[in-house]
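For reference, the structure discussed in these notes is given below.
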Amino acid sequence: MRCSCIARWKATSGVWQPVSPAPRLTSQQVLDTVRASAPGEQKVPIRGDESDLPSFSGLAPRRGPRIEAYKPAHLQAQESSRSGGFTRRTPDELWKAASAPSTVQHAISPVMPATSRSVEVRGDLSRTYANLRGILNKSDIRSELRLQERYEKPKFTRQRLKSERHRRRFGAAVSEKVGAVLLMKSRGM
């Protein structure tokens with residue numbers, strides 16, 4: 001079974017943090033779980049009785065038909081179970097439904113601050129970890145975090161970035177010239 005988890009670098013604590021797909025529960029599922037957790041005790045309703053809660057059954061759905069196609073499998077299963085009456089699902093069933101590959105694989109990727117540092121785990125964890133580590137090294141996250149510990153005046157920030165750009169461009173030019181020399185040597189020139 002493939003795991004469709006996402007590994008992220010958590011900038012606040014500086015550690016790798018695997019993010020697993022957690023199924024979202026409806027308010028009714030939360031109420032049922034809380035009430036079923038203490039069978040011997042007196043059942044205390046949360047926010048009053050169900051009759052006090054407003055009924056949203058007559059409202060039209062907010063989502064159009066186009067967005068429904070992009071819903072993950074575990075959410076589509078919950079919607080279909082709601083229409084014919086609520087059926088309680090075990091945590092194992094919810095986890096399997098959330099781990100199952102969706103029908104539309106990331107057709108629209110969400111834009112978040114961590115998007116560029118997110119890598120989907122597909123089978124080989126070590127390869128994914130190396131890929132994520134390469135992305136972090138290339139974007140220089142560790143040094144940026146170290147530099148953000150103290151305030152840097154704008155003048156010094158401009159100087160530092162100018163120097164870093166020059167070094168990067170100079171290194172690229174040198175490696176290009178070395179590659180040209182090696183190519184000429186291999187051709188016998």
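Everything in the sequence shown is counted per full-length UniProt numbering, starting at 1 for the first residue and increasing by one. Every residue gets a Cβ at the ideal spot worked out from N, C-alpha and C, and that includes glycine.
- prompt: A98: buried (16+ other C-beta within 10 angstroms of its C-beta) or exposed?
  reply: What you label residue 98 is simply residue 98 of the sequence shown in a count that begins at 1. The Cβ neighbour count for A98, taken over all protein chains shown within 10 Å, is at least 16; the residue is labelled buried.
message: Could you check whether I135 and V119 sit closer than 9 Å to each other, using their CB atoms as the reference points?
response: Reading the sequence shown from its first residue, position 119 is the one you call residue 119. Reading the sequence shown from its first residue, position 135 is the one you call residue 135. Yes. Within cutoff.
task: Go through its chain and collect everything with a Cβ distance to A172's Cβ below 8 Å, but skip five positions before and after it.
output: To locate residue 172, count along the sequence shown from 1; it is residue 172. Sequence-distant Cβ neighbours of A172 in its own chain, meaning closer than 8 Å and more than five residues away, do not exist here.
field: G123 to L132 span [Cα, whole Å]
entry: Within the sequence shown, numbered from 1, the residue matching residue 123 stands at position 123. Within the sequence shown, numbered from 1, the residue matching residue 132 stands at position 132. Answer to the nearest angstrom: the Cα atoms are 15 Å apart.
message: I need the DSSP call for V174, collapsed to helix, strand or coil.
response: Residue mapping note: residue 174 aligns to position 174 of the sequence shown, counting from 1. When secondary structure is reduced to three states using DSSP, V174 falls in the helix class.
task: Could you check if V174 is buried or exposed, using at least 16 other CB atoms within 10 Å of its CB as the buried criterion?
output: On the sequence shown, position 174 is the one that residue 174 refers to. Classification of V174: exposed, given that the 10 Å Cβ count is below 16.
field: Rounded separation between R167 and R89 - CA only
entry: Mapped onto the sequence shown, residue 167 falls at position 167. Mapped onto the sequence shown, residue 89 falls at position 89. C-alpha separation (whole angstroms): 58 Å.
- prompt: Could you give the distance in angstroms between the alpha-carbon of P45 and the alpha-carbon of Q29?
  reply: Mapped onto the sequence shown, residue 45 falls at position 45. Mapped onto the sequence shown, residue 29 falls at position 29. With a pLDDT of 49 at P45, under the threshold of 50, the modelled position of that residue is not reliable, and the figure given next carries that caveat. Spanning the two alpha carbons is a distance of roughly 14 Å.
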